[in-house]
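Mapping of the sequence shown onto our numbering: residues 2 to 467, in sequence order.
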Amino acid sequence: MNREIFMVGFFKKIKMRVTKPKAKVFIALDRNVVGLGEELTGTLHVTSEEEFDADEVRVEVKCWSRTKNLVHTKEGWEEKETTQILWSTKERVCGRLHLTPRYKEEFPFKVKIPHYAPPTSLEPDRRIRWEAKGVIAVKKRPDVTTKSIGVEVVRWTTPTVTAPPLTTKEAQTPSIQAVKPIPTNCTRCGAPLDVTREDVIITCRYCGNTIVVATREEIKKHSMIENKLHPQEAVDIAKEYMDKGVLRRGVAEKAQITGVRLRYIPFWIFPAYAETYYTGRRGLGVSELREIKHAVTDERKKGWVKLGKVLKAAAELAIEGYVAYERGPTFRRISRTISRQYDWTVLARRAVLSDVKYYEVPLERKIPFDPGRIPSDAEFFNTELNEEEAKDKVKAEVEIKQRELVSEEVDTIETCHTRVRVGEGELLHAPVWFVHYKLGERDYAVAVDGSTGKVLGGGRPLIKLI
2 MNREIFMVGF
12 FKKIKMRVTK
22 PKAKVFIALD
32 RNVVGLGEEL
42 TGTLHVTSEE
52 EFDADEVRVE
62 VKCWSRTKNL
72 VHTKEGWEEK
82 ETTQILWSTK
92 ERVCGRLHLT
102 PRYKEEFPFK
112 VKIPHYAPPT
122 SLEPDRRIRW
132 EAKGVIAVKK
142 RPDVTTKSIG
152 VEVVRWTTPT
162 VTAPPLTTKE
172 AQTPSIQAVK
182 PIPTNCTRCG
192 APLDVTREDV
202 IITCRYCGNT
212 IVVATREEIK
222 KHSMIENKLH
232 PQEAVDIAKE
242 YMDKGVLRRG
252 VAEKAQITGV
262 RLRYIPFWIF
272 PAYAETYYTG
282 RRGLGVSELR
292 EIKHAVTDER
302 KKGWVKLGKV
312 LKAAAELAIE
322 GYVAYERGPT
332 FRRISRTISR
342 QYDWTVLARR
352 AVLSDVKYYE
362 VPLERKIPFD
372 PGRIPSDAEF
382 FNTELNEEEA
392 KDKVKAEVEI
402 KQRELVSEEV
412 DTIETCHTRV
422 RVGEGELLHA
432 PVWFVHYKLG
442 ERDYAVAVDG
452 STGKVLGGGR
462 PLIKLI
């Protein structure tokens, strides 16, 4: 009899662990359209048909992007989608709460939408969505949540003000032309310009004059990296990259080089300072595993730095595992602030160059822009991303980086708030060699830094093709 009672109680506990409480939470927004820098306000409606204790009631807001990119695989070029969380927050509206049958309550909330975050976008190649949902957090049981509802976040523009009729004297004053035609000649030396509709900043290949197409404003901070490689040196580096890996030895011998091109690619460089306050729990070893993963995949870190981070995280993981074995699982609550200073680089082209994974600027080799130092046969790319657009991209990428750092410190992130300050941008043109080759029936390309000789990325077969 006692055994039956024990088994009934045991299975009841198991059932409680996997079933949600009989409660509902409904989110109602005061308005579905909100501007950057404004507050998203609304009410969480909570009802219950069961008696239970809740840890908290909160509203979660996140901004995520889904981007379509062309990537080179062993089958050829394929279109793949990548999803990233650009910004998120969890705002508590009520702490610990005891709910009973027929419980009913309303909790107003407000969430500050950061001014630096990207607005909602439904472009075919990159969709940016904002979502909000309500959560009743329950210890040792699944949380009660609402379905995520869409929020349209916009960047408000200054409304057009109708001016009064001009007087005779004012009418004689020449007005400023609102939209200027695309320039076909340099405003400084008169040389012809090669401009496309996507270019927002153009550079004269003869005198180096760099201007904003829309306003003709000159870009003062413009630098470059000088090319140090010959075509054959770029090919040799690319071949060495092809052969990396036990299963790829001999690939370079069978590869047929089909083209070698030097291109000057535009980048924006920004000094950025980020400060992240977070709270979370640690003790299961998940954060160490994340740290190992980030260390291995981080394109910004060099080999020895990666190895050091991996060994450090592995040692911490072993210590936590030993403590858990000796004493049982223990959890620590952590509340800290992470501050970092960055020199962040973003590609100043809208089209993604899949062969360039990341470019680390060799600052010691940066010189003022001089068109005379660019080989005449090199391809020169103008800028498709203006400074403000690039700055928004930097803020979003730095915030993602800060969240990665937080995930290395805790197993479960409870709150995470990041403030990013970005300084004045500098336009930089850097030399990149693109070595195209064919192996079997497939085409590949390897991107090589023309200044340092470092491989920036590129395609190669998984194994040597016989």
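We treat Cβ as the ideally placed atom computed from N, Cα and C, and that holds for glycine. For clarity, every value in this text was computed on a predicted model and none was experimentally measured.
Run of the alpha helix (DSSP H) containing residue i, from where it starts to where it stops
i	result
L406	E388 to S408
K140	No alpha helix (DSSP H) holds K140; DSSP gives it neither H nor E.
I238	P232 to M243
Residue i to residue j span [Cα, whole Å]
i	j	result
D412	I339	16 Å
V287	V252	Any reading at V287 needs caution, since the residue's pLDDT is 46, under 50, leaving its predicted position unreliable; the model's value is listed next. In a straight line, the C-alpha of V287 is about 38 Å away from that of V252.
V162	I212	Per-residue confidence for V162 stands at a pLDDT of 42, beneath the threshold of 50, marking its modelled position as unreliable; the derived number appears in the next sentence. Their Cα atoms are separated by approximately 29 Å.
K134	L30	10 Å
V19	I137	15 Å
L429	A448	18 Å
F268	V155	27 Å
V112	L406	24 Å
F53	E106	15 Å
D444	Y242	15 Å
E51	V58	16 Å
N210	K148	53 Å
E425	R282	37 Å
V421	S452	31 Å
V362	A349	14 Å
T84	Y117	20 Å
H99	S49	10 Å
Q342	L457	23 Å
A215	P182	8 Å
R206	W345	26 Å
T121	E365	39 Å
W65	E442	37 Å
E415	V26	20 Å
D450	W434	6 Å
S89	C417	8 Å
Y326	A55	Low confidence applies to Y326: its pLDDT is 46, below 50, so where it sits in the model is not reliable enough to give any reading.
N186	T197	13 Å
R103	I150	26 Å
Q403	L87	11 Å
E390	W157	15 Å
Reference residue i, options the options, closest by Cα
i	options	result
Y274	V395, V449 and N383	V395
R264	T101, L98, V60 and N228	N228
V47	K402, I28, D56 and E199	I28
D378	K392, G459, L440 and R262	R262
I22	L123, P143, E400 and G281	Per the sequence presented here, residue 22 reads as Pro, with Ile not at that position. The option with the nearest alpha carbon to P22 is P143.
T188	E199, E218 and R198	E218
V399	E276, P372, R337 and R366	E276
E92	L45, W65, L364 and T83	L45
C208	Y343, G191 and C64	G191
Y438	A239, V423, T121 and R374	A239
F382	L230, L194 and H418	L194
P109	R351, G43 and D237	G43
K367	C95, R127 and K222	K222
Y278	P184, E410, D371 and T204	E410
V436	V236, L230, S408 and T204	V236
R67	L123, R32, Q257 and R128	R128
E254	E390, L440 and S408	L440
G96	K140, P372 and N33	K140
N-terminal and C-terminal residue of the beta strand (DSSP E) that residue i is part of
i	result
A256	Run containing A256: none; DSSP gives neither H nor E here.
K113	Y104 to K113
P369	K367 to P369
L364	Careful: L364 lies outside any beta strand (DSSP E) and carries neither H nor E.
V154	I150 to V155
K439	E427 to L440
D195	Taken as a continuous stretch (DSSP letters only), D195 belongs to no beta strand (DSSP E), as it is neither H nor E.
H116	Unbroken run through H116: none, as it is neither H nor E.
C187	Run containing C187: none; DSSP gives neither H nor E here.
Proximity test, residue i beta-carbon vs the ligand NAD heavy atom, cut-off 6 Å
i	result
F271	Absent from the structure shown: the ligand NAD. Ligands present: none.
Cβ distance (whole Å) where residue i is taken to contact residue j below 8 Å
i	j	result
I202	N387	7 Å
P432	I226	6 Å
A446	G454	Between G454 and A446 the Cβ distance is about 17 Å, and since that is not below 8 Å, they are no contact.
V62	L41	6 Å
E385	E199	5 Å
T280	I335	7 Å
W1	V145	For the chain, the structure presents residues 2 to 467; residue 1 sits outside this window and is missing.
P119	D393	6 Å
S224	E427	6 Å
Any C-beta of chain C under 7 Å from that of residue i
i	result
V155	The structure shown contains no chain C; it is built from a single protein chain.
| Continuous beta strand (DSSP E) assignments of at least 3 residues falling wholly in the segment 27-54 | Entirely contained in the segment 27-54, the beta strand (DSSP E) runs reaching 3 residues are, in chain order, 34-36 and 40-49.
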